[in-house]
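In my numbering, the protein residues as written are 1007 to 1278. Cβ coordinates follow ideal geometry from the N, Cα and C atoms, glycine included.
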């Protein structure tokens, strides 16, 4: 294996309804069209070595999904990004690419920033509900799993929950004109069991009787390492960028200390 490349990609517009399996198929087709020299697994059914990290649920948009690919020949990450974007459908866009120089990408994905658009909800009502949720010590919700209904606390994983007006929407094109629309911006730690945005909505219904008249439009704005000092979610690709800058081209440092220092760079809470 000559090189590993880490990519950040989006799921926008109607592509938010693409399942993870559908994205895998589209991405592997793009790899073939772009003639990327992929490394393949061994065995009777070889497949491209692609590692997906913490994919967003089907039906949610995202500005910050991550994956890693293994190549048999070195490629320039930015040229590779451009080639892949030419072969991917609009809405599935590679927004960043960097050579993997520091191990543990999955370990750097410890929290997400989510935006929930609540059409038909007044901002004041959303503010009261968010305050009630934040003030609660625990907020029990239920979710159906393959093993039946499961009850768990949705409050502990939520670092912050703020209600904003429609002017706070990350995408200007999505802003409504004259109808009520509240925006929830929340930071959620990645815990087990995972707390999803729909779990937080269930919690808001339980503690404040907040029930949007239409399903919420959910978008992940960022994910990465949560910095307790600043309360921000940091860029998970920053350690690799820092290592590429600091080390000669033929060296691949693998230092946890370097990763922690480089990860202090904050992730913009909006579309790349």
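Alpha carbon to alpha carbon, what distance is there between residue j and residue i?
i, j, result
"residue 1207", "residue 1145", "11 Å"
"residue 1140", "residue 1243", "31 Å"
"residue 1062", "residue 1184", "31 Å"
"residue 1216", "residue 1249", "46 Å"
"residue 1138", "residue 1214", "7 Å"
"residue 1269", "residue 1240", "Model confidence at residue 1269 stands at a pLDDT of 48, short of 50, so the residue's coordinates are unreliable; what they give is reported in the following sentence. C-alpha separation (whole angstroms): 6 Å."
"residue 1186", "residue 1142", "26 Å"
"residue 1051", "residue 1010", "22 Å"
"residue 1084", "residue 1221", "37 Å"
"residue 1152", "residue 1226", "25 Å"
"residue 1158", "residue 1120", "20 Å"
"residue 1231", "residue 1130", "31 Å"
List the endpoints of the continuous beta strand (DSSP E) containing residue i.
i, result
"residue 1154", "1154-1159"
"residue 1232", "1223-1233"
"residue 1102", "1100-1105"
"residue 1125", "1117-1125"
"residue 1129", "Per DSSP, residue 1129 belongs to no beta strand (DSSP E); it is in the alpha helix (DSSP H), 1129-1141."
"residue 1216", "Run containing residue 1216: none; DSSP gives neither H nor E here."
"residue 1016", "1009-1017"
Just to confirm my understanding: we take residue i, look at its own chain, exclude 5 residues before and 5 after, and list those with CB closer than 6 Å. What are they?
i, result
"residue 1229", "1070, 1115, 1118"
"residue 1219", "1126"
"residue 1090", "1036, 1040, 1100"
"residue 1174", "1189"
"residue 1007", "1045, 1076"
Going by DSSP, what residue range makes up the alpha helix (DSSP H) through residue i?
i, result
"residue 1175", "First-last for residue 1175: undefined, no H or E at that position."
"residue 1039", "1026-1039"
"residue 1244", "1244-1252"
"residue 1086", "1083-1093"
Pull up the CB-CB distance for residue i and residue j, whole angstroms please, since I reckon it's below 8 Å.
i, j, result
"residue 1074", "residue 1045", "That pair is no contact at about 11 Å."
"residue 1168", "residue 1149", "At roughly 24 Å, the Cβ-Cβ gap does not stay under 8 Å, so residue 1168 and residue 1149 are not in contact."
Which residues in the same chain have their Cβ closer than 7 Å to the Cβ of residue i, if we skip the five residues on either side of it in sequence?
i, result
"residue 1212", "1145, 1147"
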